[in-house]
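A.B. asks: Numbering of the sequence shown is given in the working numbering, commencing with residue 44 and proceeding in unit increments. Virtual Cβ for every residue (Gly too), placed ideally from N, Cα, C.
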Amino acid sequence: MNTPHQLNNTGGLLLNINENARKVIFAVCIVLCLMPFMSPAVALLLGLVVAQCSGHPYLHLNHKATHILLQVSVVGLGFGMNVHSALQAGKEGILFTIASITGTLLFGTLMGRWLNIEKKTSFLISSGTAICGGSAIAAISPVIKAEEKQISVALGCVFILNSIALFIFPLIGHYLNLSQTQFGLWCAIAIHDTSSVVGAASKYGAHALEVATTVKLARALWIIPVAFLSTFLFKNKSKKVSIPYFIGLFILAMIANTYLPVVKFMSPFIIIIAKAGLTLTLFLIGAGLSRKVLASVGLKPLLQGVALWVAISGAALYAVMQLA
44 MNTPHQLNNT GGLLLNINEN ARKVIFAVCI VLCLMPFMSP AVALLLGLVV
94 AQCSGHPYLH LNHKATHILL QVSVVGLGFG MNVHSALQAG KEGILFTIAS
144 ITGTLLFGTL MGRWLNIEKK TSFLISSGTA ICGGSAIAAI SPVIKAEEKQ
194 ISVALGCVFI LNSIALFIFP LIGHYLNLSQ TQFGLWCAIA IHDTSSVVGA
244 ASKYGAHALE VATTVKLARA LWIIPVAFLS TFLFKNKSKK VSIPYFIGLF
294 ILAMIANTYL PVVKFMSPFI IIIAKAGLTL TLFLIGAGLS RKVLASVGLK
344 PLLQGVALWV AISGAALYAV MQLA
């Protein structure tokens, strides 16, 4: 499967440099992203700059690298969380999750028909917005037999909006004086991809990060029923559904941190590494968003993505602000 990361090439870059120079710039940026002073938002911005100026010299490996790095980083963050507070966060988020996923899929279907967007592209955008961004698109696309172009458009749309959310959500949260719990819930519901959810929540505070990560990963499990539903909607019963097994490892990490003193001692060091991994993940995502990827999305799919995102963000924000 090709992702929008793989649509890029060396053409259209702002810097006319050779391959070795591109690799050196890329390596320096990776080292910077691993430094403690680098934030996820700045790493994403740095990746976007690299994508436009010097390009990604290892683009063919980008999708697999971000996929593995994100999962490892999320499991690492589990070592900084407590089972009891995570269960409480999960209880608070379950009704929001069910209502928002159902509402987003229905609204997305109506928007796709109204804008006359190709059915599979529209469904992938809706699923990515409703559940967990690129992971949901990657899991559902083979089930509905989506073509490379349809997958690329949906992923491009989701990653563009993720990039925006990572910057503006913390600003809105502080402006509205949202609590840590409120912001964590809002992030988990309204931001598509797990990487941007964790990135935004980590800027807001430790409890916001715990709530956002727990609720988002519980939300990611909805990939399974939605993928099964997709087999009937698109009349394809031959494909297997990809189950996000790393969520189980995240739960085990939480349990170990809660009940094993030795693990609790090591947790601060693991979390530092996990946060560095997340920062690097966001840099790689940004580095894959070339000008060609941005142009490939098209106006109508982007309109659908924006409309869905604004609707779910506004509704979720209103809902969490009603929390005591």
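#1: Tell me, to the nearest whole angstrom, how far the beta carbon of ALA299 is from that of SER116; I am working on the premise that it is less than 8 Å.
#2: How would you write the range of the alpha helix (DSSP H) that VAL369 sits in, first residue to last?
#3: Could I get the ranges of all uninterrupted alpha helix (DSSP H) runs contained in the region 150-186, with 4 residues as the minimum, in chain order?
#4: May I ask you to verify whether the region 149-164 touches the region 213-229, counting CB pairs closer than 8 Å and requiring at least 3?
#5: Is the Cβ-Cβ distance between CYS230 and PHE212 less than 8 Å?
#6: Count the CB pairs spanning the region 306-323 and the region 75-83 that are closer than 8 Å, and state whether there are at least three.
#7: Taking just the CA atoms, how far does GLY177 sit from ASP236?
#8: At 4 residues or longer, and completely inside the region 62-100: list those alpha helix (DSSP H) runs for me, N to C.
#9: If you follow the alpha helix (DSSP H) that LEU332 is in, where does it begin and where does it stop?
#10: Where does THR46 sit, in a helix, a strand or coil, going by DSSP?
#11: From SER97 to SER206, what distance separates their C-alpha atoms?
#12: If you measure between the beta carbons of VAL186 and ALA270, is that distance less than 8 Å?
#13: Under 8 Å, do GLN114 and PHE289 count as touching if we go by C-beta distance?
#14: Look at ALA296 and GLY121 and say whether their C-beta atoms are less than 8 Å apart.
#15: Who are the Cβ neighbours of LEU56 in its own chain at under 6 Å, not counting the five residues just before and after it?
#16: In terms of alpha-carbon separation, which member of LEU148, PHE210 and VAL306 lies closest to ILE355?
#17: Do you know offhand how far THR164's Cα is from LEU204's?
#18: Please check the pair LEU91 and LEU332, which I expect to be a contact at CB under 8 Å, by giving their CB distance rounded to whole angstroms.
#19: Can you name the start and end residues of the alpha helix (DSSP H) that SER273 belongs to?
#20: Could you name the residues of the same chain whose beta carbon sits closer than 6 Å to that of MET124, not counting the 5 residues immediately before and after it, in chain order?
#21: Note down the Cα distance separating VAL306 from SER239, rounded to an integer number of angstroms.
#22: Report the residue from ARG156, VAL93, THR140 and GLU62 whose alpha carbon sits nearest the alpha carbon of GLY227.
#23: Taking Cβ positions only, does VAL305 come closer than 8 Å to chain B?
#24: Determine the extent of the alpha helix (DSSP H) in which ILE290 is found, giving its start and end residues.
#25: Find out if the Cβ-Cβ distance for the pair PHE293, ALA86 is shorter than 8 Å.
#26: Compare the C-alpha of TRP265 against each of GLU62, ILE60, HIS103 and ALA182 and name the closest.
#27: Check whether the Cβ atoms of PHE202 and ILE111 sit closer than 8 Å, and answer yes or no.
#28: Hey, how far is the Cα of ALA189 from the Cα of GLU161?
#29: Looking at ALA84 and LEU221, is the spacing between their C-beta atoms short of 8 Å?
C.D. replies: With the structure as the only source:
#1: Contact doesn't hold; Cβ gap of about 17 Å is too wide.
#2: Limits of the chain in this structure are 44 at one end and 367 at the other, which puts residue 369 out of reach.
#3: 162-173 and 177-183
#4: no
#5: yes
#6: yes
#7: 6 Å
#8: 62-76 and 83-96
#9: Here LEU332 belongs to no alpha helix (DSSP H), and DSSP marks it neither H nor E.
#10: Residue placement at THR46 cannot be trusted, given a pLDDT of 43 that sits under 50; what the coordinates show is reported in the next sentence. The answer is coil: DSSP assigns THR46 none of H, G, I, E or B.
#11: 19 Å
#12: yes
#13: yes
#14: yes
#15: GLY98
#16: LEU148
#17: 16 Å
#18: 6 Å
#19: 266-276
#20: GLU253 and MET297
#21: 27 Å
#22: THR140
#23: You won't find chain B in this structure, because it holds only one protein chain.
#24: 289-302
#25: no
#26: ALA182
#27: no
#28: 11 Å
#29: no
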